[in-house]
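In what follows, a structure is listed as structure tokens, so that the remarks can point back to it.
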Amino acid sequence: MTMSDFDAINAELAGPVGPRNAFGRDAKPGDELTGEIIGAERRHRTVDGKLLFWVDRKPSTVEAGPAVIDSVLVFQTTDEEDENDDGQRFLRLDRDVKVALNKVLAAAGVTALAPGGRLEGFTFLSKATGGSGRVYGNGKYIPPAA
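Numbering-wise (the numbering used here), the sequence shown opens with residue 398 and increments by one.
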């Protein structure tokens, strides 16, 4: 089952916040993501409810450049933190996540993700040394049944 942009928008309207970030600002080393891929989206990045745009090669709330667009995978997990949590988590495909996911895919002997595929034990390991970014690792990708 794939989720369209309209499905995601309607889910956000029906619920309090929509899918939660698998590795948000409060993520701690050792946090893991395990779940089935139920959708993929391209979304305009926001910070504190304000849209972000590229200005001088940096994200800014000043609408003076192209939109900052993120690719996002949506997972159905069994994680439920409170009564408003449906277990859906999103994973933003930033540079660090892409590097780690490509290693997981290679280990699985595939070159692409697919709806219905399952990611198990994908882990936030640490903050990157000497700068911004994060280190992710571990994890196993299980392609959907044919």
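Where a beta carbon is used, it is the ideal one built from N, C-alpha and C, also for glycine. Being a predicted model, the structure only gives us computed values, none of them experimental.
Query                                                                                                                                                             : Result
Taking only three categories from DSSP, how would you classify G530?                                                                                              : coil
For A525, which residues from the same chain have a beta carbon less than 8 Å from its beta carbon, with the 5 sequence-adjacent residues on both sides left out? : D493, R531, V532
Here's the rule I'm using: 16 or more other beta-carbon atoms within 10 Å means buried, otherwise exposed. How should R422 be labelled?                           : exposed
Starting from K495, trace the alpha helix (DSSP H) in both directions and tell me its first and last residue.                                                     : 492-505
Express the C-alpha separation of R515 and K537 in angstroms, rounding to a whole number.                                                                         : 8 Å
Would V465 and F487 qualify as a contact pair, given that the criterion is a beta-carbon distance under 7 Å?                                                      : no
With DSSP as the reference, label N481 as helix, strand or coil.                                                                                                  : coil
With distances taken from CA atoms, which of Q473, D467, P540 is nearest L449?                                                                                    : D467
By the three-class DSSP mapping on this structure, what secondary structure does V465 have?                                                                       : coil
Have a look at S457, I435, G436 and flag the residue whose alpha-carbon is nearest the alpha-carbon of T443.                                                      : S457
Helix, strand or coil: which one does DSSP assign to A509?                                                                                                        : coil
Which residues bound the beta strand (DSSP E) around G436?                                                                                                        : 429-441
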